Amino acid sequence: MEVMTIITMEIIMMMLMNEGNYEDKDDHAEDDENDYHGEDRVGENGDDNESDDGQDCADLWIDKWNDESCPLQQAFICERPPRSAAPGECEPEWLKIPSSGTCKHWYAERKSWKDAKAFCRQQGGDLVTILDGQTNKIVDELRTSEKGGRCWIGLNDLSKEGEFVWPNNQKVAYKNWDVDPRKSDRNGIDCVVMGYRGTEKWSLFY
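Residues 2 to 207 in the working numbering are what the sequence shown lists, from first letter to last.
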(Lines of atoms letter the chains of each structure in order from A and count residues from 1; the text may use other names and numbers.)
(Lines give C-alpha, C1' and ligand atoms only; values in the text may rest on other atoms or scores of the structure.)
Protein backbone atom coordinates (compact mmCIF):
# COMPACT_ATOMS: atom_id res chain seq x y z
CA MET A 1 0.00 0.00 0.00
CA GLU A 2 2.80 2.39 0.94
CA VAL A 3 4.65 1.54 -2.29
CA MET A 4 1.55 2.31 -4.36
CA THR A 5 1.08 5.58 -2.48
CA ILE A 6 4.67 6.63 -3.15
CA ILE A 7 4.37 5.74 -6.84
CA THR A 8 1.08 7.61 -7.09
CA MET A 9 2.57 10.70 -5.45
CA GLU A 10 5.56 10.58 -7.81
CA ILE A 11 3.23 10.45 -10.80
CA ILE A 12 1.23 13.39 -9.47
CA MET A 13 4.39 15.41 -8.87
CA MET A 14 5.61 14.70 -12.40
CA MET A 15 2.26 15.81 -13.80
CA LEU A 16 2.37 19.02 -11.76
CA MET A 17 5.92 19.74 -12.87
CA ASN A 18 5.01 19.18 -16.50
CA GLU A 19 1.96 21.37 -16.12
CA GLY A 20 4.09 24.09 -14.58
CA ASN A 21 6.55 23.92 -17.45
CA TYR A 22 3.68 24.15 -19.90
CA GLU A 23 2.27 27.19 -18.16
CA ASP A 24 5.68 28.85 -18.07
CA LYS A 25 6.01 28.27 -21.79
CA ASP A 26 2.58 29.74 -22.42
CA ASP A 27 3.34 32.76 -20.25
CA HIS A 28 6.56 33.34 -22.16
CA ALA A 29 4.69 33.01 -25.45
CA GLU A 30 2.19 35.61 -24.26
CA ASP A 31 5.02 38.03 -23.56
CA ASP A 32 6.50 37.37 -26.99
CA GLU A 33 3.15 37.83 -28.70
CA ASN A 34 2.29 41.07 -26.88
CA ASP A 35 -0.41 39.34 -24.77
CA TYR A 36 -1.95 37.96 -27.93
CA HIS A 37 -4.15 34.93 -27.32
CA GLY A 38 -4.29 33.20 -30.66
CA GLU A 39 -4.03 33.61 -34.40
CA ASP A 40 -5.98 32.69 -37.51
CA ARG A 41 -3.54 31.80 -40.24
CA VAL A 42 -4.19 30.83 -43.80
CA GLY A 43 -2.93 27.26 -43.87
CA GLU A 44 -0.70 25.68 -46.46
CA ASN A 45 -3.78 24.19 -48.10
CA GLY A 46 -5.46 27.59 -48.23
CA ASP A 47 -7.83 27.07 -45.29
CA ASP A 48 -8.66 30.18 -43.26
CA ASN A 49 -8.75 28.48 -39.85
CA GLU A 50 -11.33 31.09 -38.85
CA SER A 51 -13.88 29.82 -36.36
CA ASP A 52 -14.07 32.18 -33.40
CA ASP A 53 -17.14 34.39 -33.08
CA GLY A 54 -17.26 37.57 -31.02
CA GLN A 55 -13.94 38.92 -32.25
CA ASP A 56 -14.74 42.60 -32.50
CA CYS A 57 -11.67 44.23 -33.96
CA ALA A 58 -9.22 43.97 -36.77
CA ASP A 59 -5.48 43.83 -36.36
CA LEU A 60 -2.69 44.92 -38.67
CA TRP A 61 0.08 42.41 -38.04
CA ILE A 62 3.19 44.35 -39.11
CA ASP A 63 1.37 46.16 -41.81
CA LYS A 64 -1.45 43.61 -41.90
CA TRP A 65 -4.92 44.28 -40.55
CA ASN A 66 -6.57 41.50 -38.56
CA ASP A 67 -9.56 40.71 -36.35
CA GLU A 68 -9.08 41.23 -32.65
CA SER A 69 -11.17 41.89 -29.55
CA CYS A 70 -11.58 45.63 -28.93
CA PRO A 71 -11.25 45.33 -25.13
CA LEU A 72 -7.69 44.03 -25.48
CA GLN A 73 -5.15 46.65 -24.50
CA GLN A 74 -2.72 47.66 -27.23
CA ALA A 75 -0.32 50.46 -27.99
CA PHE A 76 -1.79 53.04 -30.37
CA ILE A 77 -1.03 55.85 -32.82
CA CYS A 78 -2.70 59.26 -32.57
CA GLU A 79 -3.07 61.80 -35.36
CA ARG A 80 -3.74 65.53 -35.07
CA PRO A 81 -3.17 68.79 -36.97
CA PRO A 82 0.19 70.56 -36.50
CA ARG A 83 0.48 72.67 -33.34
CA SER A 84 4.05 73.89 -33.74
CA ALA A 85 4.93 77.58 -33.72
CA ALA A 86 6.30 77.03 -37.23
CA PRO A 87 3.29 76.84 -39.58
CA GLY A 88 2.65 73.35 -40.89
CA GLU A 89 5.33 71.73 -38.75
CA CYS A 90 4.85 69.03 -36.12
CA GLU A 91 5.94 69.28 -32.52
CA PRO A 92 8.92 67.23 -31.27
CA GLU A 93 8.19 63.49 -31.10
CA TRP A 94 5.36 63.87 -33.62
CA LEU A 95 5.91 62.65 -37.19
CA LYS A 96 4.52 64.59 -40.13
CA ILE A 97 2.67 62.71 -42.85
CA PRO A 98 3.20 64.64 -46.12
CA SER A 99 0.09 63.32 -47.87
CA SER A 100 -2.25 64.52 -45.12
CA GLY A 101 -0.20 67.31 -43.53
CA THR A 102 -1.07 65.91 -40.11
CA CYS A 103 1.14 64.72 -37.26
CA LYS A 104 1.35 61.19 -35.84
CA HIS A 105 2.54 59.97 -32.45
CA TRP A 106 3.18 56.43 -31.16
CA TYR A 107 2.04 55.69 -27.61
CA ALA A 108 3.44 52.54 -26.01
CA GLU A 109 0.98 52.65 -23.11
CA ARG A 110 -1.61 49.94 -23.72
CA LYS A 111 -5.27 50.86 -23.82
CA SER A 112 -8.48 49.40 -25.20
CA TRP A 113 -9.53 50.77 -28.59
CA LYS A 114 -12.15 53.07 -27.09
CA ASP A 115 -9.82 54.32 -24.36
CA ALA A 116 -7.08 54.91 -26.94
CA LYS A 117 -9.50 56.88 -29.10
CA ALA A 118 -10.59 58.95 -26.10
CA PHE A 119 -6.95 59.68 -25.25
CA CYS A 120 -6.19 60.80 -28.81
CA ARG A 121 -9.20 63.10 -28.75
CA GLN A 122 -7.88 64.65 -25.54
CA GLN A 123 -4.70 65.40 -27.51
CA GLY A 124 -6.74 67.30 -30.07
CA GLY A 125 -6.92 64.51 -32.65
CA ASP A 126 -8.04 60.92 -33.08
CA LEU A 127 -6.68 57.48 -33.81
CA VAL A 128 -4.64 57.51 -36.99
CA THR A 129 -6.27 57.39 -40.43
CA ILE A 130 -4.58 55.59 -43.35
CA LEU A 131 -5.93 56.56 -46.76
CA ASP A 132 -3.14 55.40 -49.08
CA GLY A 133 -0.18 53.06 -49.36
CA GLN A 134 2.38 55.79 -48.70
CA THR A 135 0.73 56.69 -45.40
CA ASN A 136 0.44 53.04 -44.48
CA LYS A 137 4.18 52.61 -45.03
CA ILE A 138 5.09 55.73 -43.04
CA VAL A 139 2.84 54.76 -40.14
CA ASP A 140 4.30 51.27 -40.13
CA GLU A 141 7.83 52.71 -40.13
CA LEU A 142 6.85 54.84 -37.14
CA ARG A 143 5.61 51.73 -35.37
CA THR A 144 8.73 49.69 -36.14
CA SER A 145 11.07 52.56 -35.25
CA GLU A 146 9.51 52.44 -31.79
CA LYS A 147 10.09 48.67 -31.72
CA GLY A 148 6.36 48.38 -31.31
CA GLY A 149 4.04 45.44 -31.64
CA ARG A 150 0.40 45.78 -32.54
CA CYS A 151 -1.20 49.19 -32.16
CA TRP A 152 -4.70 50.52 -32.57
CA ILE A 153 -5.58 52.63 -35.61
CA GLY A 154 -8.82 54.44 -36.38
CA LEU A 155 -10.56 52.02 -38.75
CA ASN A 156 -13.79 50.54 -37.34
CA ASP A 157 -17.33 49.44 -38.15
CA LEU A 158 -18.92 50.37 -34.83
CA SER A 159 -21.73 52.38 -36.45
CA LYS A 160 -22.82 49.70 -38.91
CA GLU A 161 -21.61 46.12 -38.99
CA GLY A 162 -19.48 45.38 -42.04
CA GLU A 163 -19.06 49.02 -43.11
CA PHE A 164 -15.59 50.08 -42.03
CA VAL A 165 -14.92 53.80 -41.74
CA TRP A 166 -12.13 56.00 -40.44
CA PRO A 167 -12.62 58.72 -37.80
CA ASN A 168 -15.05 61.45 -38.92
CA ASN A 169 -16.80 58.75 -40.97
CA GLN A 170 -14.23 58.84 -43.78
CA LYS A 171 -14.85 55.91 -46.10
CA VAL A 172 -12.21 53.30 -46.85
CA ALA A 173 -10.55 54.00 -50.21
CA TYR A 174 -7.24 52.21 -49.66
CA LYS A 175 -7.43 48.53 -48.65
CA ASN A 176 -4.68 46.08 -47.79
CA TRP A 177 -6.54 43.11 -46.26
CA ASP A 178 -4.95 39.70 -46.58
CA VAL A 179 -8.38 38.16 -45.99
CA ASP A 180 -11.34 40.41 -46.79
CA PRO A 181 -13.50 40.76 -43.64
CA ARG A 182 -16.59 40.19 -45.80
CA LYS A 183 -15.31 36.67 -46.46
CA SER A 184 -14.71 35.98 -42.78
CA ASP A 185 -17.17 33.83 -40.82
CA ARG A 186 -16.78 35.99 -37.74
CA ASN A 187 -19.37 38.32 -36.30
CA GLY A 188 -18.91 41.68 -34.62
CA ILE A 189 -15.67 42.84 -36.24
CA ASP A 190 -15.46 46.43 -35.04
CA CYS A 191 -11.94 47.81 -34.50
CA VAL A 192 -8.54 47.75 -36.18
CA VAL A 193 -4.93 47.65 -35.07
CA MET A 194 -1.62 47.83 -36.91
CA GLY A 195 0.37 44.69 -36.49
CA TYR A 196 3.32 42.85 -35.20
CA ARG A 197 5.16 41.01 -37.97
CA GLY A 198 4.79 39.98 -41.60
CA THR A 199 4.47 41.94 -44.82
CA GLU A 200 2.35 44.77 -46.13
CA LYS A 201 -0.56 42.41 -46.62
CA TRP A 202 -3.31 42.29 -44.00
CA SER A 203 -4.29 39.00 -42.40
CA LEU A 204 -7.16 37.90 -40.18
CA PHE A 205 -6.42 36.33 -36.81
CA TYR A 206 -7.81 36.31 -33.27
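Built from N, CA and C at the ideal position, the CB exists for glycine as well.
Predicted model, so just to flag it, every value in this text is computed and none were measured.
Once DSSP output is grouped into helix, strand and coil, what is the label at Thr103? Along the sequence shown, read from residue 1 onward, the residue named residue 103 stands at position 102. Thr103: strand per DSSP, three-state reduction.
Is Glu80 helix, strand or coil by DSSP? Counted from its first residue, the sequence shown places residue 80 at position 79. Note: Glu80 maps to strand in three-state DSSP.
Can you tell me the Cβ-Cβ gap for Cys192 and Phe77, rounded? I've got them flagged as a contact below 8 Å. Residue mapping note: residue 192 aligns to position 191 of the sequence shown, counting from 1. Residue mapping note: residue 77 aligns to position 76 of the sequence shown, counting from 1. In fact, because the Cβ distance is near 11 Å, the residues do not count as touching under 8 Å.
Consult DSSP for Cys121 and reduce its assignment to one of helix, strand or coil. Working through the sequence shown from its first residue, we reach residue 121 at position 120. The answer is helix: DSSP assigns Cys121 an H, G or I state.
Considering just the uninterrupted stretch of the beta strand (DSSP E) at Leu156, what are its terminal residues? Numbered from its first residue, the sequence shown carries residue 156 at position 155. Note, Leu156: beta strand (DSSP E), Cys152 to Asn157.
Along the chain, where does the beta strand (DSSP E) containing Ile131 start, and where does it finish? On the sequence shown, position 130 is the one that residue 131 refers to. That residue, Ile131, is in no beta strand (DSSP E); it is neither H nor E in DSSP.
Measuring CA to CA, which of Asp127, Arg111 and Thr136 is closest to Tyr175? As a working note, residue 175 is residue 174 in the sequence shown. Per the Cα distances, Thr136.
Within 10 angstroms of its Cβ, does Gly47 collect 16 or more other Cβ (buried), or is it exposed? Counting from 1 along the sequence shown, the entry for residue 47 is found at position 46. Confidence at Gly47 is low in this model, with a pLDDT of 35, below 50, so the placement of that residue is unreliable and no value is reported for it.
Tell me which same chain residues have a C-beta within less than 6 Å of the C-beta of Asp116, skipping the five on either side of it? On the sequence shown, position 115 is the one that residue 116 refers to. Excluding positions up to five away in sequence, the list is empty.
In chain order, what residues of the same chain lie with their CB nearer than 8 Å to the CB of Lys172, ignoring the 5 residues before and after it? One-based indexing of the sequence shown puts residue 172 at position 171. Around Lys172: Val166.
Excluding the five sequence neighbours on either side, which residues of its own chain have a C-beta within less than 7 Å of the C-beta of Asp133, listed in chain order? Start at 1 with the first residue of the sequence shown, and residue 133 comes out as number 132. Within the same chain, Asp133 has close Cβ partners Ser100 and Tyr175.
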